[in-house]
Each structure stands twice: as C-alpha cells, then as structure tokens.
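Below is one structure, written out as structure tokens; the observations come after it.
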Amino acid sequence: MTTTTTQEEFDRWLAEGRNQILVLIGQQALHFYAQSGHSRSDVFVTGVNALPGQVPFPGISLTVDPALYFRTLHALLPQIRRVVVYYNRQEEPWLLLVKHAAQAARIEVESIGVTDAFDLARRLGTTFATLDPHTTALWFGNNTIQLNDALIYAYVLEQTWDRGIAVFSETLVHVKHGFLFALYPDYTQIGAALGALIRQKTRRRAYSFRAPARSRSICAPHAIWASRCATI
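Okay, here's the thing in structure tokens:
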C-alpha cells in the first residue's frame with residue numbers, strides 16, 4: 005500500500021488473495037479492511053501502536069514495553085527512583101502497563117494526563133518548579149509533546165537543561181536535540197515475531213501468543229535505541 009492506494013484497489017487485492025494469509029500494516033490498512041466488509045480468520049496486524057485487546061486481530065504492536073524504559077534509565081542513572089510520566093489521556097490503557105513496569109522496577113511513578121497543549125504547558129510549569137533532578141526523571145509518552153511540538157519541545161529542552169533534569173520519550177528525533185534517550189521498535193525483530201505467529205497458524209489453525217521477544221540494543225553517545233514490543 006501507498007498513500008495513494010484507494011479502497012477499490014484494496015478490495016481487489018483482497019479478492020485476488022482470498023486464499024492467502026492477510027497481513028495488515030498500519031492504520032490505513034486496518035481502516036480499509038474494516039470498510040471492506042470482509043470477515044476472515046487469517047488476518048494479522050503490525051505497524052500500529054496498540055495494546056492487547058485494542059485491535060481485533062493477532063499481531064505485533066509497535067508499542068515498546070515500558071519495562072525497557074525503566075531498565076535503560078537505571079543503566080544510565082541508577083540514582084533515579086522516581087519518574088514523572090506525562091501521557092495523553094487518550095493513551096490511558098498504556099499507563100497501566102507503565103505502572104506495572106514501574107512497580108517491578110521499584111520506581112515511584114507520578115502520572116499526569118493531558119488533553120491539549122495548554123493543559124500540558126500549565127502542568128509542566130508546576131513540575132519544573134518542584135521536581136528534584138537528583139532523584140526524579142521526566143518521561144513524555146506518545147502524543148504529548150506532539151500536541152504542539154514547536155512550542156512544547158523548545159520549552160522542555162530549555163527547562164530540563166537549565167535544571168539538570170533527565171528527560172526521555174518515545175520519539176527518536178528528541179534525542180538528536182537533547183533528550184537523554186528514546187526507544188523505538190526493532191523492525192527486524194517485529195518481522196521475525198510476526199513470521200512466527202503466521203507459521204503457528206499454518207501449523208495449528210489456532211493462535212497462541214508467546215511473551216514479547218527481547219530486542220538488541222544499539223548504543224550511541226547520547227541515546228540508547230531498542231525495543232521489545234507487545235503482542236496484540
């Protein structure tokens with residue numbers, strides 16, 4: 005699929021490949037499939053940020069396991085025992101995974117849900133005024149800084165650098181300009197895991213999901229990039 009693919013083209017591909025396993029990659033493919041009216045048992049999904057239960061098909065999510073963030077943070081700054089997590093309120097289910105991972109890592113989490121850029125900027129002012137950089141780090145979840153990237157990102161960079169606050173996110177470009185680290189999916193491992201699920205189906209005509217596979221870590225002077233993604 006490309007950005008110019010139409011619903012009619014997608015429906016034609018479905019008809020031509022009706023006896024083949026179908027892999028939907030990305031939200032657009034999911035949308036086209038939902039609009040097609042087809043109902044098949046051989047559908048898999050990847051290329052989406054989703055949690056278990058959010059997509060009606062098995063597959064591999066692009067959402068990185070929150071436990072990896074805490075593990076990476078501990079490797080870089082073992083003295084940090086508290087993390088303030090900013091998250092978009094639309095991502096509420098993701099926060100549950102964060103809290104479970106924090107409990108396992110013995111890290112205290114303060115979660116702050118935001119709905120828009122104004123809400124985020126207002127809450128950040130309080131956070132920066134009270135946060136202890138010696139014990140506490142700042143984590144921005146998906147679709148938080150992006151609420152107004154041009155304004156919020158510059159503000160966060162200025163405040164965290166001036167105050168010596170460790171900050172990390174799920175966006176690689178943030179690392180290039182000053183965040184401590186970011187994590188992103190290992191697409192090679194995602195492909196391998198998806199292939200394993202498909203082989204499992206062809207053997208048994210049933211789905212049973214394994215725990216997410218570990219990923220390789222690639223270290224750079226100012227970033228650690230890695231992933232361990234969840235099944236969905």
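Numbered as in my numbering, the sequence shown ends at 236 without a single skipped number. No residue lacks a Cβ here, since even glycine has one placed at the ideal position from N, Cα and C.
What is the residue span of the beta strand (DSSP E) that residue i lies within?
i	result
Thr2	Outside the shown range of the chain (5 to 236) lies residue 2, about which nothing can therefore be said.
Phe48	Val47 to Thr50
Phe172	Val171 to Ser173
Using DSSP with H/G/I as helix, E/B as strand and the rest coil, what is residue i?
i	result
Gly117	strand
Asn92	strand
Val160	helix
Val59	coil
Gly129	helix
Phe14	helix
Thr8	coil
Ile202	helix
Leu135	coil
Arg86	strand
Ile111	coil
Hey, is residue i close to the ligand MN, as in C-beta under 6 Å from one of its heavy atoms?
i	result
Leu124	Of ligands this structure carries none, so the ligand MN is not represented either.
When the Cα of residue i is compared with those of the options, which residue comes out closest?
i	options	result
Val113	Thr175, Gly129, Pro189 and Val89	Val89
Thr139	Gly21, Arg207, Leu81 and Arg16	Leu81
Ile202	Asp166, Ala170, Ile64 and Gln32	Ile64
Gln150	Arg167, Asp120 and Phe36	Asp120
Gln39	Gly51, Asp15 and Leu55	Asp15
Ala106	Leu72, Glu95, Tyr91 and Thr130	Leu72
Ile194	Val68, Ala141, His42 and Met5	Val68
Val143	His178, Arg126 and Ser45	Reading off the sequence, residue 143 comes out as Trp, not Val. Among His178, Arg126 and Ser45, the Cα nearest to that of Trp143 belongs to His178.
Asn166	Asp136, Asp190 and Thr148	Per the sequence presented here, residue 166 reads as Asp, with Asn not at that position. That would be Asp136, whose Cα lies nearest to the Cα of Asp166.
Tyr91	Thr6, Leu128 and Pro56	Leu128
Looking at the unbroken alpha helix (DSSP H) that takes in residue i, where does it start and where does it end?
i	result
Phe36	Gln31 to Ser40
Arg75	Pro70 to Leu80
His181	Neither: His181 is in no alpha helix (DSSP H) and is coded neither H nor E.
If you measure between the beta carbons of residue i and residue j, is that distance less than 7 Å?
i	j	result
Leu198	Thr50	yes
Val47	Leu26	yes
Gln31	Val59	no
Pro70	Leu101	yes
Gln163	Phe185	no
Glu96	Asn146	no
His35	Leu18	no
Gly182	Leu155	no
Below 8 Å on the Cβ atoms is my contact criterion, and I expect residue i with residue j to pass it. Report the Cβ-Cβ distance as a whole number of Å.
i	j	result
Arg93	Val118	7 Å
Ala170	Ile84	6 Å
Phe172	Ile111	About 13 Å separates the two Cβ atoms, so there is no contact after all.
His78	Ala109	7 Å
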